[in-house]
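Here our numbering is used: position 169 in the sequence shown is 967, and no number is missing along the way.
Cβ atoms here follow ideal geometry from the backbone N, Cα and C, with glycine treated the same way.
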Amino acid sequence: MIPHQIAGYSESTTIVAEATPQGRGGISILRISGKDAFNIVSNLLDRDLPKPNRTTYAKLSNNNTLDSFIDDVMVSVYESPRSYTGEDVVEVSTHGNPILVNEALEAFYKEGAHPAKPGEFTLRAFLNNRMDLIQAEAVSDLIASKSKEAARQARKQLDGGVGKTANQISDMMMNILSSCELELDFTEEDIILLNREEKLLIVERIINDLRRMISGYSRARNLRKGVSVAIVGSPNVGKSSLFNILANEEIAIVHHTPGTTRDVLEAVCEINGVHFTLYDTAGMRITPDEIEDEGVTRAIRKAESADMIISVSAPDIKDQIIVNMTRKTDIIEVINKSDLATERKEENATYICSTDGSGIEELKDELFRRVVKDEKQGQGTISRERHYNAVQCAIKAMKECREDIDQGQPEEIVAEQLREAVSAMDELTGKKRLDGLLEEIFSEFCIGK
Ligand SMILES: Nc1nc2c(ncn2[C@@H]2O[C@H](COP(=O)(O)OP(=O)(O)OP(=O)(O)O)[C@@H](O)[C@H]2O)c(=O)[nH]1
Ligand SMILES: [Mg+2]
C-alpha cells in the first residue's frame, strides 16, 4: 500500500522491484528508480553502466559475500527526466529464476534500495508529471484488461487524449473565470473583457464538450469491466444448454428433469473482443424442495445484480415466469427450442435452438450490440465512475453558471460556479489531489509497475 499521507510521501528513496511476473521464465527484469539508482547498480556490476537509452551485458555480483557472482545480466539505463518514472531508472534483466531474482534484490537492498510498493513506479511517474491520473489508471487497466477491446481502449487512454481534452475545457473555464475576476477587481472602471453573449457562447461550448466526453462512458465502462449476464427462466427451458453453448464447454448438467440446476454456475466468454461473465441459474418456480428453493433465491439475487439478463422461455414449457426487474437492466428475450415452435410470433425475441446451435450467432450479436450500444469510441472517452462523476459535477456547475449569466447575476456568483467546474476537472486529471484517492488508485496496481 502507498503511504496514507500522499502529501508527505517521500520520493527521496530509491526503489526496486521485479517488473516481470514472479516465477520461472526466459528472463526476469528488475527495475530500480530514484536518485541513487545509477550508483547502486554500478556498485554491483563488473563494468560501467551504459549510456542512457542503451543496453549492455554485465556480470552482477553481491559485493559482500565470498561467492559473490549472481548472474549474467543485461542492463538498460534511462536518465531523468526521460524515463518511466521521471527519475533515474535502471532495468536489470536476469535469467528468469526466483532464486536469482531474490539474490539480486537482496544485493540492491544492501546497497540502499527500498522494496517498491504496488504501483509505486507509476505513482512517481504521476507525481513527476510524466502522466496525469487518467493515464496512470490506464496503465492499471491495460495490465488488468481481460479482452482485446478492453486492452485496446486502455492503450488509447494511455496516450493522454482524455487529459488533453479535460485541460482544454478547463482552459476555457479559466478564460471566463479570469474575465469575471478582473471585472470584480476593477468594478469602478467598468472593465468588461467578455460580454454576456460571449460568455454564454463559451459556456455552451464547454457544456457540449463535457457531454461529448461522457457520451461513450457506458460502452467504455463495459469494455473495461466486462459484462455480467444472468441466464434466467422457468425450469427446463434450456438455460443450462444455452450456458454451455456460450461458454463453449460442458459445464452445467443438462437434463429433462425440471429443477436440475440449483447452484449458480459461472463461465466466461469473449464476443467480438468484449469480455462476458455468464451465470447459469436455477429454474424459477415455487417449490416445496428446500434446496431447490434456495437455488431460486440465489437465481433472483444474481438476476438483480447482473448487468444484463437473458430471459429464456420455450414453447413446450407452461407457466413460464416473466422477468420483470425493478432495476433498469438490459433484458434479452430468448425463446429456446425453436425446433418445437410452430410459429415465431414474438417479434422482440431471439429464437434459438440449443440442440443444433441455430440462432446462437444472432444472440451473440445482440449481446455485443447491447454492450456497445450506438456509442462511438471517441478519443476523449472516459471509462471509470470516478471520471464520470467528475464530468457530471462540472456539467452541473456549468449549467448553473449559464443560468447565473443569463439572469445577470453578480460576477462573484458566476465565478463561484466556474471555480467549482475547474475544480472538478482538476480532480479528473489529478491536478487536485484528493485525500485517499491516490492511495485507492495505486493500490490496485501490482508490484513492479
Ligand atoms: N428440442 C429441444 N430440446 C432442448 C433444447 N434445448 C434444451 N433442450 C432439452 O431441454 C431439457 C432441459 O434442458 P436444460 O438445459 O437442462 O434446461 P434448464 O433450463 O437448465 O433446466 P433447469 O436447470 O431444470 O432449470 C433437456 O432435456 C434438453 O436436452 C432445444 O433447443 N430443443
Ligand atoms: Mg439448468
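Three or more beta-carbon pairs under 8 Å between the segment 1137-1148 and the segment 960-980, yes or no?
-> no
Name the one or two DSSP bridge partners that PRO1033 has.
-> On the sequence shown, position 235 is the one that residue 1033 refers to. DSSP output for PRO1033 lists no bridge partner at all.
In whole angstroms, what separates the C-alpha of LEU898 from that of GLY917?
-> The residue you call residue 898 lines up with position 100 of the sequence shown. The residue you call residue 917 lines up with position 119 of the sequence shown. Rounded to the nearest angstrom, the two C-alpha atoms are 23 Å apart.
Check whether the Cβ of SER1152 sits closer than 7 Å to any heavy atom of ligand 1, and report yes or no.
-> Mapped onto the sequence shown, residue 1152 falls at position 354. Yes.
Taking the alpha-carbon positions, what's the LYS1171 to SER859 distance?
-> By one-based count along the sequence shown, residue 1171 stands at place 373. By one-based count along the sequence shown, residue 859 stands at place 61. So the two alpha carbons sit approximately 57 Å from each other.
Would you check whether ligand 1 has a heavy atom nearer than 7 Å to the C-beta of ASN1134?
-> As a position in the sequence shown, residue 1134 is number 336, starting the count at 1. Yes, ligand 1 has a heavy atom inside 7 Å of this Cβ.
GLU1047 versus ARG950: straight-line alpha-carbon distance, rounded = As a position in the sequence shown, residue 1047 is number 249, starting the count at 1. As a position in the sequence shown, residue 950 is number 152, starting the count at 1. About 27 Å.
Cutoff 8 Å; reference ARG822; Cβ partners in own chain excluding five residues on either side = For the purposes of this step, residue 822 is identified with residue 24 of the sequence shown, where counting begins at 1. Within the same chain, ARG822 has close Cβ partners GLY894, ASN895 and PRO896.
For GLU1160, which three-state DSSP category applies?
-> For this step, residue 1160 is matched to residue 362 along the sequence shown. In the structure shown, GLU1160 sits in a helix (DSSP, three-state: H, G or I).
Exposed unless 16 or more other CB atoms sit within 10 angstroms - verdict on ILE1004 | As a first step, residue 1004 must be located in the sequence shown, where it is residue number 206. Classification of ILE1004: buried, given that the 10 Å Cβ count is 16 or more.
ILE1133: first and last residue of the uninterrupted beta strand (DSSP E) it sits in = Start at 1 with the first residue of the sequence shown, and residue 1133 comes out as number 335. 1128-1133 is the extent of the beta strand (DSSP E) around ILE1133.
Could you check what DSSP says for PHE906 in three-state terms: helix, strand or coil?
-> As a working note, residue 906 is residue 108 in the sequence shown. It is helical.
Any idea what DSSP makes of LEU1044, helix, strand or coil?
-> Sequence index remark: in the sequence shown, residue 1044 carries index 246 (1-based). Reduced to three states, the DSSP call for LEU1044 is helix.
Can you tell me which of the three DSSP states ALA815 falls into?
-> Mapped onto the sequence shown, residue 815 falls at position 17. Correct three-state label for ALA815: strand.
Cα-Cα, which of LEU1063, HIS1073, LEU828 and GLY1057 is closest to ILE1089?
-> Locating residue 1089 in the sequence shown gives position 291, where the first residue counts as 1. Here the closest residue by C-alpha is GLY1057.
Apply the 10 Å Cβ neighbour rule to PRO1033 and answer buried if 16 or more other Cβ atoms are within range, or exposed otherwise.
-> By 1-based counting over the sequence shown, the position of residue 1033 is 235. With 16 or more Cβ atoms within 10 Å of its Cβ, PRO1033 is classed as buried.
Answer with buried or exposed for ALA815, where buried requires no fewer than 16 other C-beta atoms within 10 angstroms of its C-beta.
-> As a working note, residue 815 is residue 17 in the sequence shown. So ALA815 counts as buried.
Going by alpha carbons, who is nearest to ASN1146 out of MET1196, LYS1162 and ILE1133?
-> The residue labelled residue 1146 in the question sits at position 348 within the sequence shown. For ASN1146, the nearest C-alpha among the options comes from ILE1133.
Validate contact between the segment 1233-1244 and the segment 918-933 using beta carbons, cut 8 Å, 3 pairs = yes
For SER1038, verify whether its CB is less than 7 Å away from any heavy atom of ligand 2.
-> Within the sequence shown, the letter at position 240 stands for residue 1038. Yes, Cβ of SER1038 sits closer than 7 Å to a heavy atom of ligand 2.
Taking C-beta to C-beta, are THR812 and ALA835 nearer than 8 Å?
-> Locating residue 812 in the sequence shown gives position 14, where the first residue counts as 1. Locating residue 835 in the sequence shown gives position 37, where the first residue counts as 1. Going by C-beta atoms, THR812 is nearer than 8 Å to ALA835.
Give the C-beta separation of VAL1094 and ARG1083 to the nearest angstrom, bearing in mind that I take them to be a contact with Cβ-Cβ under 8 Å.
-> Numbered from its first residue, the sequence shown carries residue 1094 at position 296. Numbered from its first residue, the sequence shown carries residue 1083 at position 285. So it is a contact: roughly 7 Å between Cβ atoms.
So is the beta-carbon of PRO1056 under 7 Å away from any non-hydrogen atom of ligand 1?
-> One-based indexing of the sequence shown puts residue 1056 at position 258. Under cutoff, so the answer is yes.
Rounded separation between LEU903 and TYR882 - CA only = One-based indexing of the sequence shown puts residue 903 at position 105. One-based indexing of the sequence shown puts residue 882 at position 84. Cα to Cα, LEU903 sits roughly 20 Å from TYR882.
Look at the alpha carbon of ARG994 and the alpha carbon of SER1013, and state the distance between them as a whole number of angstroms.
-> The sequence position of residue 994 within the sequence shown is 196, counting from 1. The sequence position of residue 1013 within the sequence shown is 215, counting from 1. Going by the C-alpha atoms only, they are around 29 Å apart.
Distance, Cα to Cα, ARG1167 vs ASN1070?
-> One-based indexing of the sequence shown puts residue 1167 at position 369. One-based indexing of the sequence shown puts residue 1070 at position 272. In a straight line, the C-alpha of ARG1167 is about 10 Å away from that of ASN1070.
Roughly how many whole angstroms lie between the Cα atoms of GLY1157 and ILE1107?
-> As a working mapping, residue 1157 is identified with position 359 in the sequence shown. As a working mapping, residue 1107 is identified with position 309 in the sequence shown. Rounded to whole angstroms, GLY1157 to ILE1107 spans 17 Å at the Cα level.
C-alpha distance - PHE1240 paired with ARG880, whole-angstrom precision = Along the sequence shown, read from residue 1 onward, the residue named residue 1240 stands at position 442. Along the sequence shown, read from residue 1 onward, the residue named residue 880 stands at position 82. Using only the alpha carbons, I get a separation of about 22 Å.
Could you check what DSSP says for LYS857 in three-state terms: helix, strand or coil?
-> By 1-based counting over the sequence shown, the position of residue 857 is 59. Three-state DSSP puts LYS857 in a strand.
Note the first and the last residue of the continuous beta strand (DSSP E) segment covering CYS1151.
-> Position 353 of the sequence shown holds residue 1151. First-last for CYS1151: undefined, no H or E at that position.
Please report the residue range of the beta strand (DSSP E) in which ARG829 lies.
-> In the sequence shown, residue 829 corresponds to position 31, counting from 1. Looking at the DSSP string, the run of the beta strand (DSSP E) that includes ARG829 is 823-831.
ALA1065: first and last residue of the uninterrupted beta strand (DSSP E) it sits in = Taking the sequence shown and counting its residues from 1, the one referred to as residue 1065 is at position 267. Where ALA1065 is concerned, the enclosing beta strand (DSSP E) stretches over 1063-1069.
Do you know whose CA, among LEU931, TYR876, ASP983 and LYS1116, lies nearest GLY959's CA?
-> Within the sequence shown, residue 959 is the residue found at index 161, counting from 1. The shortest Cα separation from GLY959 among LEU931, TYR876, ASP983 and LYS1116 belongs to LEU931.
Near ILE1115, what residues of its chain come up, given a Cβ to Cβ distance below 8 Å and the 5 sequence neighbours on each side ignored?
-> Taking the sequence shown and counting its residues from 1, the one referred to as residue 1115 is at position 317. So the list reads SER1032, PRO1033, ASN1034 and VAL1035, once near-sequence residues are dropped.
Determine the DSSP secondary structure at PHE1253, reduced to helix, strand or coil.
-> Nothing about residue 1253 can be reported from this structure: the residues present for the chain run from 799 to 1247 only.
Is the closest heavy atom of ligand 1 to the C-beta of ASP1137 under 7 Å?
-> Counted from its first residue, the sequence shown places residue 1137 at position 339. Yes, the Cβ of ASP1137 comes within 7 Å of a heavy atom of ligand 1.
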